[in-house]
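Participant: Following this message is one structure expressed as structure tokens.
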Amino acid sequence: MRERRRQYPFDEIEARWQKHWESEGTYRALNPGDAGFDTNKPKYIVLDMFPYPSGDGLHVGHVEGYTATDITARFMRMRGHNVMHPMGWDAFGLPAEQYAIKTGQHPRVTTDHNTGQFKEQLKRLGFSYDWSREINTTDPNYFKWTQWIFLQLYHAYVDEATGKARPIAELKKARLESHPDESAEGCRDYIDSRRLAYVSEVPVNWCPELGTVLANEEVKDGKSEVGGFSVEKRPMRQWMLRITDYAQRLIDELEPLDWSEGIKTMQREWIGRSEGAEVVFTLADHEETLTVFTTRPDTLFGATYMVVAPEHPYVELLTTDKQRDSVTSYCASVANKSDLERTELAKEKSGVFTGGYAVNPVNNERIPVWVADYVLMTYGTGAIMAVPAHDERDHEFATALGLPIIEVVKATEGAEVEGCFSGDGTAVNSGMLDGLATAEAKTKIIDWLGEQGRGEKKVNFKLRDWLFSRQRYWGEPFPIVWQDGKHQALPQSELPIQAPEMDDFKPTGTSDPPLAKAIDWVAYSESASRETNTMPQWAGSCWYYLRFADPDNESAFISKEAEAYWFGADDQAGSVDLYVGGAEHAVLHLLYARFWHKVLFDLGYLSKDEPFHRLVNQGLILGPDSQKMSKSRGNVVNPDDVIENYGADALRLYEMFMGPLEQVKPWNEHGVEGLYRFLARVWRLIMDQNQEGEWQLSMAVVDSAPEGELHRLLHETIKKVTGDTEKMAYNTAISQMMVFVKGYTAADKRPVSALRDFLALLSPYAPHLAEELAEKLNEAFPGGSSDLSLSDWPEFDEEALSHAEVQLVVQVNGKLRDRITLGVDADKESVISKASESRAKEFLEGDVVKTIVVPNKLVNFVVRPRA
RNA sequence: GCCGACGUGGCGGAAUUGGUAGACGCAACGGACUUAAAAUCCGUUAUUCGCAAGAGUGUGCGGGUUCGAUCCCCGCCGUCGGUACCA
Numbered sequence: 015m016r017e018r019r020r021q022y023p024f025d026e027i028e029a030r031w032q033k034h035w036e037s038e039g040t041y042r043a044l045n046p047g048d049a050g051f052d053t054n055k056p057k058y059i060v061l062d063m064f065p066y067p068s069g070d071g072l073h074v075g076h077v078e079g080y081t082a083t084d085i086t087a088r089f090m091r092m093r094g095h096n097v098m099h100p101m102g103w104d105a106f107g108l109p110a111e112q113y114a115i116k117t118g119q120h121p122r123v124t125t126d127h128n129t130g131q132f133k134e135q136l137k138r139l140g141f142s143y144d145w146s147r148e149i150n151t152t153d154p155n156y157f158k159w160t161q162w163i164f165l166q167l168y169h170a171y172v173d174e175a176t177g178k179a180r181p182i183a184e185l186k187k188a189r190l191e192s193h194p195d196e197s198a199e200g201c202r203d204y205i206d207s208r209r210l211a212y213v214s215e216v217p218v219n220w221c222p223e224l225g226t227v228l229a230n231e232e233v234k235d236g237k238s239e240v241g242g243f244s245v246e247k248r249p250m251r252q253w254m255l256r257i258t259d260y261a262q263r264l265i266d267e268l269e270p271l272d273w274s275e276g277i278k279t280m281q282r283e284w285i286g287r288s289e290g291a292e293v294v295f296t297l298a299d300h301e302e303t304l305t306v307f308t309t310r311p312d313t314l315f316g317a318t319y320m321v322v323a324p325e326h327p328y329v330e331l332l333t334t335d336k337q338r339d340s341v342t343s344y345c346a347s348v349a350n351k352s353d354l355e356r357t358e359l360a361k362e363k364s365g366v367f368t369g370g371y372a373v374n375p376v377n378n379e380r381i382p383v384w385v386a387d388y389v390l391m392t393y394g395t396g397a398i399m400a401v402p403a404h405d406e407r408d409h410e411f412a413t414a415l416g417l418p419i420i421e422v423v424k425a426t427e428g429a430e431v432e433g434c435f436s437g438d439g440t441a442v443n444s445g446m447l448d449g450l451a452t453a454e455a456k457t458k459i460i461d462w463l464g465e466q467g468r469g470e471k472k473v474n475f476k477l478r479d480w481l482f483s484r485q486r487y488w489g490e491p492f493p494i495v496w497q498d499g500k501h502q503a504l505p506q507s508e509l510p511i512q513a514p515e516m517d518d519f520k521p522t523g524t525s526d527p528p529l530a531k532a533i534d535w536v537a538y539s540e541s542a543s544r545e546t547n548t549m550p551q552w553a554g555s556c557w558y559y560l561r562f563a564d565p566d567n568e569s570a571f572i573s574k575e576a577e578a579y580w581f582g583a584d585d586q587a588g589s590v591d592l593y594v595g596g597a598e599h600a601v602l603h604l605l606y607a608r609f610w611h612k613v614l615f616d617l618g619y620l621s622k623d624e625p626f627h628r629l630v631n632q633g634l635i636l637g638p639d640s641q642k643m644s645k646s647r648g649n650v651v652n653p654d655d656v657i658e659n660y661g662a663d664a665l666r667l668y669e670m671f672m673g674p675l676e677q678v679k680p681w682n683e684h685g686v687e688g689l690y691r692f693l694a695r696v697w698r699l700i701m702d703q704n705q706e707g708e709w710q711l712s713m714a715v716v717d718s719a720p721e722g723e724l725h726r727l728l729h730e731t732i733k734k735v736t737g738d739t740e741k742m743a744y745n746t747a748i749s750q751m752m753v754f755v756k757g758y759t760a761a762d763k764r765p766v767s768a769l770r771d772f773l774a775l776l777s778p779y780a781p782h783l784a785e786e787l788a789e790k791l792n793e794a795f796p797g798g799s800s801d802l803s804l805s806d807w808p809e810f811d812e813e814a815l816s817h818a819e820v821q822l823v824v825q826v827n828g829k830l831r832d833r834i835t836l837g838v839d840a841d842k843e844s845v846i847s848k849a850s851e852s853r854a855k856e857f858l859e860g861d862v863v864k865t866i867v868v869p870n871k872l873v874n875f876v877v878r879p880r881a
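Residues in the first sequence are numbered from 15 upward in steps of one, following the numbering used here.
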């Protein structure tokens with residue numbers, strides 16, 4: 015291939031236009047207040063999920079999503095929008111830090127090198143980014159505001175009455191009024207317990223291999239999502255963000271967004287709302303009570319035992335001397351298990367009897383309390399009532415350990431159930447509930463429990479608070495110092511808090527972060543020392559889309575004017591008009607970003623409660639072997655090679671032509687060639703080679719208007735490409751452009767106006783070639799606009815699409831028998847008469863029972879053969 | 001197990017308020033141009049029977065609704081993604 019002659023000079027063309035766009039600032043989006051800002055233009059934000067600039071450079075998966083957004087950005091620009099299409103770098107992160115540990119090279123150096131390489135590669139693809147808005151999460155001018163947002167979280171709480179965040183100062187004022195006698199310390203503890211950013215000593219996911227803790231969302235199947243290392247539970251004092259206060263809103267406010275149902279469902283399930291009741295059990299030999307959460311309070315009569323989690327605070331209390339040894343050793347063995355062992359590998363349920371008993375409030379029966387690791391301390395109350403007849407887990411446990419099973423729900427008739435029935439039915443053996451359907455039984459028992467003061471309705475969520483600190487060097491330091499064992503926020507004026515220069519990035523080997531080694535830095539004052547944890551990588555990506563609107567602002571994270579214009583100018587739900595990225599961020603990034611956005615909205619900094627209006631997830635591109643691309647498989651396609659051989663336009667076009675954006679699809683080595691040939695045909699549609707082998711404008715290009723078939727083909731193409739580009743159905747738009755080129759190549763006179771319109775349609779897809787050819791046309795035929803990518807999108811003429819005649823299908827009993835041609839909108843009688851004279855005639859033996867005519871489409875004769 | 005998406009030629013895919021299945025591209029085959037090749041251009045290409053005209057079959061499998069089903073309904077099978085003792 016390297017030796018093959020180029021079919022058109024894409025290398026010269028592409029380099030030339032990229033230089034032109036850069037020097038002219040062609041794709042600069044203006045802010046309100048900028049010279050030349052046009053108030054009449056509607057705004058449109060097209061956003062890519064910004065990349066982590068890894069040392070491997072750009073891969074074809076990046077190119078897919080970025081090309082899709084680039085096409086939409088260019089399309090919307092041509093349709094008269096002020097388009098913001100920015101790019102930046104999510105540059106804090108593990109690989110640079112690990113490289114630093116290995117080589118001693120500062121992560122800053124690695125990061126700068128990699129971002130430079132990424133940017134070069136992006137520019138070679140001709141993406142119309144507004145580079146004046148470029149941001150980098152590791153830039154102090156950026157993370158200053160990440161830290162500032164953390165301070166907002168720290169200084170805020172959620173007001174229960176409104177469900178909205180408010181300044182913590184308001185809470186403090188109210189507290190002082192309501193508890194005038196409380197000690198300063200007591201008040202402070204109360205306030206600290208309500209902050210959206212708080213410190214908690216809880217069992218966290220500690221990954222020894224990575225030397226850091228991880229959020230729940232970062233642990234998959236008991237292993238770290240990054241690297242797949244094992245993770246263990248370890249109690250540590252860590253920063254947490256109170257995302258659970260937003261659980262309900264994160265579900266409700268998802269509704270109006272233009273996201274795929276699949277992603278919405280994933281988020282909803284992650285948040286995991288479930289409705290049920292809390293039931294209070296008294297203990298047989300103690301004053302204390304044991305509260306459980308259940309979604310099936312109607313099965314209370316079937317509760318034959320209870321289970322508490324091994325970490326439950328009452329384990330000690332409940333355990334009798336006789337049982338002490340076995341309980342202690344059971345809890346110890348559970349504590350040593352990794353998450354993986356406790357869930358994945360635990361096929362068999364295990365547990366031990368504590369020796370203690372609780373009393374079932376509905377019948378005063380004594381039921382034994384067990385401790386078992388199938389009950390999680392982190393959900394509900396960490397204790398359950400076990401109804402082995404109607405819960406599969408309880409059933410399994412009871413069966414294994416020989417505990418009694420009492421049926422209290424009868425399945426509705428007809429449905430034969432095997433083993434354990436966990437569906438809805440009719441209550442039996444349940445005293446006052448007998449005969450009631452499950453839903454009614456639930457209501458009745460909850461009311462009864464309420465009257466007795468033994469329980470109430472309750473909603474629970476699976477979502478946990480967000481573990482927000484990491485033991486890393488290469489991340490945002492917290493704007494926090496510790497004094498006398500208490501945390502204290504640093505003032506905004508001290509931001510940004512920068513990490514100290516260090517040579518040794520290695521983990522400490524303990525749970526202390528590497529920053530703890532910078533003794534001078536940690537010593538903030540004589541009595542105060544700095545927080546040495548850093549923020550997780552998600553912090554910077556939680557709000558970057560906001561910063562693009564006002565990237566250089568030094569006095570605010572975004573100006574009010576820029577915020578109002580870009581993020582609040584219309585009434586659709588969600589601010590960013592189009593957001594494209596991989597589905598791997600369906601829960602993590604999108605959940606966290608929505609949470610921060612809502613807090614900033616509540617505090618009055620933003621116009622809308624949701625960040626992203628329309629979300630599209632691009633599908634994975636597989637290797638030519640239909641396997642996931644990976645270095646170890648050796649099936650990675652490098653975009654640089656493709657550009658070298660076929661040009662950026664061909665690469666862009668091929669990736670869009672492969673199939674629907676959202677779909678997973680394999681790379682085909684020959685596929686790019688097909689699109690390269692198409693672009694060469696476009697070139698030769700307008701250019702010819704003379705005898706010296708030089709390219710010149712084709713003699714076939716004429717200054718006249720298209721007529722007849724050519725006219726119709728043009729307008730069909732405008733219509734199809736416009737509609738498909740709107741729908742992001744880029745593959746079918748490209749195929750229509752191929753049809754156009756085929757039709758116009760066959761014509762020996764090619765009207766320049768039609769070619770100009772076609773190049774406009776092509777320009778979002780193959781911007782370099784389109785721009786070059788438009789310029790060639792302008793040189794020979796004055797009157798075209800000077801910058802094709804900023805010209806107006808062509809309009810189609812509905813009249814040009816009409817045909818005088820139309821082909822109809824003739825069917826007999828639904829089978830295709832012939833095709834006939836008639837004038838458009840021919841009346842039913844003439845359609846039937848012509849159809850019955852067609853070749854379908856010989857199949858009309860028998861009685862025609864019915865005749866169906868679909869205007870301009872088909873005729874179907876329903877024939878019953880004569881007996 | 002549960003949730004979601006999907007299943008169409010040799011391959012990527014197109015077509016659905018139910019109305020000509022296979023657009024467009026790749027690959028393959030045949031031809032033109034060439035000393036030859038590359039590039040380019042033209043043609044064929046779901047499958048079975050047939051010299052042909054034509055006929056039969058065909059959108060994962062089995063049923064159903066309908067004049068008519070790739071599309072709607074019921075039941076299976078398979079692939080991919082997510083999730084996993086959440087009481």
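Just so you know, even glycine gets a beta-carbon here, dropped at the ideal spot from N, CA and C.
Could you name the residues of the same chain whose beta carbon sits closer than 6 Å to that of H611, not counting the 5 residues immediately before and after it, in chain order?
Facilitator: Here the question's residue 611 lines up with position 597 in the first sequence. P625.
Participant: Looking at V867: is its Cβ nearer than 8 Å to the Cβ of V845?
Facilitator: Translated into positions along the first sequence, residue 867 becomes position 853. Translated into positions along the first sequence, residue 845 becomes position 831. In contact: V867 and V845 (Cβ atoms closer than 8 Å).
Participant: State the start and end residues of the unbroken alpha helix (DSSP H) segment that holds Y690.
Facilitator: Here residue 690 refers to the residue found at position 676 of the first sequence. Y690 -> alpha helix (DSSP H) spans 685 to 700.
Participant: Could you check whether R88 and S803 sit closer than 8 Å to each other, using their CB atoms as the reference points?
Facilitator: Taking the first sequence and counting its residues from 1, one reaches residue 803 at position 789. Taking the first sequence and counting its residues from 1, one reaches residue 88 at position 74. Yes, these two residues count as a Cβ contact at 8 Å.
Participant: Using a Cβ-Cβ cut-off of 6 Å (strictly less than) and excluding sequence neighbours within five positions of E239, which residues of its own chain qualify?
Facilitator: Within the first sequence, residue 239 is the residue found at index 225, counting from 1. These residues qualify, in order along the chain: E232.
Participant: So, Q485 versus S539, is the Cβ gap smaller than 8 Å?
Facilitator: The count along the first sequence starts at 1 and reaches residue 485 at position 471. The count along the first sequence starts at 1 and reaches residue 539 at position 525. Contact flag unset, no.
Participant: Quick one: give me the first and last residue of the beta strand (DSSP E) that V218 is part of.
Facilitator: Along the first sequence, read from residue 1 onward, the residue named residue 218 stands at position 204. Looking at the DSSP string, the run of the beta strand (DSSP E) that includes V218 is 211 to 221.
Participant: Please state the DSSP three-state secondary structure of D62.
Facilitator: Looking up residue 62 in the first sequence gives position 48. DSSP places D62 in strand when its eight states are reduced to three.
Participant: How many Å lie between I459 and D616 at the Cα?
Facilitator: In the first sequence, residue 459 corresponds to position 445, counting from 1. In the first sequence, residue 616 corresponds to position 602, counting from 1. Going by the C-alpha atoms only, they are around 38 Å apart.
Participant: State the beta-bridge partners of E289 as determined by DSSP.
Facilitator: One-based indexing of the first sequence puts residue 289 at position 275. Answer is V473.
Participant: I need the DSSP call for L711, collapsed to helix, strand or coil.
Facilitator: Here residue 711 refers to the residue found at position 697 when the first sequence is read from its first residue. Reduced to three states, the DSSP call for L711 is strand.
Participant: Mapping the DSSP letters down to three states, classify D259 as helix, strand or coil.
Facilitator: Along the first sequence, one-based indexing puts residue 259 at 245. In this structure, D259 counts as helix in the three-state DSSP scheme.
Participant: Could you give the DSSP three-state label for D405: helix, strand or coil?
Facilitator: One-based indexing of the first sequence puts residue 405 at position 391. Coil.
Participant: In the structure shown, what three-state DSSP assignment does H99 receive?
Facilitator: Within the first sequence, numbered from 1, the residue matching residue 99 stands at position 85. H99 falls in the coil class under three-state DSSP.
Participant: Measuring alpha carbon to alpha carbon, tell me which of V473, D518, S483, S541 ends up nearest D498.
Facilitator: Locating residue 498 in the first sequence gives position 484, counting from the first residue. Minimum Cα distance to D498 is reached at S541.
Participant: Measuring straight from C-alpha to C-alpha, what distance separates L872 and H817?
Facilitator: On the first sequence, residue 872 is found 858 positions in, with the first residue counted as 1. On the first sequence, residue 817 is found 803 positions in, with the first residue counted as 1. Taking the straight line from one Cα to the other gives about 16 Å.
Participant: Report yes if the C-beta distance between V341 and T368 is below 8 Å; otherwise report no.
Facilitator: Reading the first sequence from its first residue, position 327 is the one you call residue 341. Reading the first sequence from its first residue, position 354 is the one you call residue 368. For V341 and T368, yes; Cβs fall inside 8 Å.
Participant: In the DSSP assignment, find the beta strand (DSSP E) that holds W496 and state where it starts and stops.
Facilitator: In the first sequence, the residue the question calls residue 496 occupies position 482. From DSSP, the beta strand (DSSP E) with W496 extends over 494 to 497.
Participant: Relative to the C-alpha of W145, which candidate in Y66, L44, H95, K734 has its C-alpha closest?
Facilitator: The sequence position of residue 145 within the first sequence is 131, counting from 1. Per the Cα distances, L44.
Participant: Give a yes or no on contact between the stretch 511 to 521 and the stretch 448 to 462, applying the rule of three or more CB pairs nearer than 8 Å.
Facilitator: Cβ pair count under 8 Å is below three, so no.
Participant: Please return the same chain residues whose Cβ sits closer than 7 Å to the Cβ of A386, not counting the five positions on each side in sequence.
Facilitator: For the purposes of this step, residue 386 is taken as the residue at position 372 of the first sequence. If we look at A386 and ignore the five residues flanking it on each side, its Cβ neighbours are V321, K363, S364, G365, F411.
Participant: Between T124 and the rest of its own chain, which residues show a CB-CB distance below 6 Å, the 5 nearest in sequence each way excluded?
Facilitator: Within the first sequence, the letter at position 110 stands for residue 124. Result list for T124: A110, Y113, in chain order.
Participant: Put I846 into one of helix, strand or coil per three-state DSSP.
Facilitator: Walking along the first sequence from the start, residue 846 turns up at place 832. Three-state result, I846: helix.
Participant: With H, G and I counted as helix, E and B as strand and the rest as coil, what does DSSP make of Q119?
Facilitator: Within the first sequence, residue 119 is the residue found at index 105, counting from 1. Coil.
Participant: Could you say which of K829, R147, Y168, P382 lies nearest to P181 if we only look at CA atoms?
Facilitator: Position 167 of the first sequence, counting from 1, holds the residue named residue 181. Measuring from the Cα of P181, the nearest candidate turns out to be Y168.
Participant: Would DSSP call N870 helix, strand or coil?
Facilitator: Counting from one through the first sequence, the residue named residue 870 turns up at place 856. Three-state DSSP puts N870 in coil, outside helix and strand.
Participant: Quick one, are the C-beta atoms of E292 and V306 less than 8 Å apart?
Facilitator: Along the first sequence, read from residue 1 onward, the residue named residue 292 stands at position 278. Along the first sequence, read from residue 1 onward, the residue named residue 306 stands at position 292. In this structure, V306 lies closer than 8 Å to E292 by Cβ.
Participant: Please tell me whether V213 and M250 are closer than 8 Å, where the distance is taken between their beta carbons.
Facilitator: Your numbering for residue 213 matches position 199 in the first sequence. Your numbering for residue 250 matches position 236 in the first sequence. Not closer than 8 Å, so no.
Participant: Output the distance between the C-alpha atoms of F51 and R691, rounded to the nearest integer angstrom.
Facilitator: In the first sequence, the residue the question calls residue 51 occupies position 37. In the first sequence, the residue the question calls residue 691 occupies position 677. Between F51 and R691, the C-alpha separation is close to 41 Å.
Participant: Cutting at 7 Å between CB atoms, please list the residues of its own chain near Q703, excluding the five before and the five after it.
Facilitator: Counting from one through the first sequence, the residue named residue 703 turns up at place 689. Answer for Q703: W709, listed in chain order.
Participant: Taking C-alpha atoms, which residue in A662, R263, D312 lies nearest to E450?
Facilitator: Reading the first sequence from its first residue, position 436 is the one you call residue 450. Before going further, note that residue 450 is Leu rather than Glu in the sequence given. The shortest Cα separation from L450 among A662, R263, D312 belongs to D312.
Participant: Is the CB-CB distance between V473 and S444 below 8 Å?
Facilitator: By one-based count along the first sequence, residue 473 stands at place 459. By one-based count along the first sequence, residue 444 stands at place 430. In this structure, S444 does not lie closer than 8 Å to V473 by Cβ.
Participant: Could you pull out every unbroken alpha helix (DSSP H) segment of at least 4 residues lying fully inside the stretch 639 to 680, listed in chain order?
Facilitator: For the stretch 639 to 680, whole alpha helix (DSSP H) runs of length 4 or above, ordered along the chain, are 653 to 660, 662 to 671.
Participant: Starting from T865, follow its DSSP beta bridges and name the residues at the other end.
Facilitator: In the first sequence, residue 865 corresponds to position 851, counting from 1. According to DSSP, which records beta bridges pairwise, T865 is partnered with F875.
Participant: Check the C-beta distance from L815 over to R726 and give it rounded, since I have them as a contact under 8 Å.
Facilitator: The count along the first sequence starts at 1 and reaches residue 815 at position 801. The count along the first sequence starts at 1 and reaches residue 726 at position 712. Confirmed, Cβ separation roughly 7 Å.
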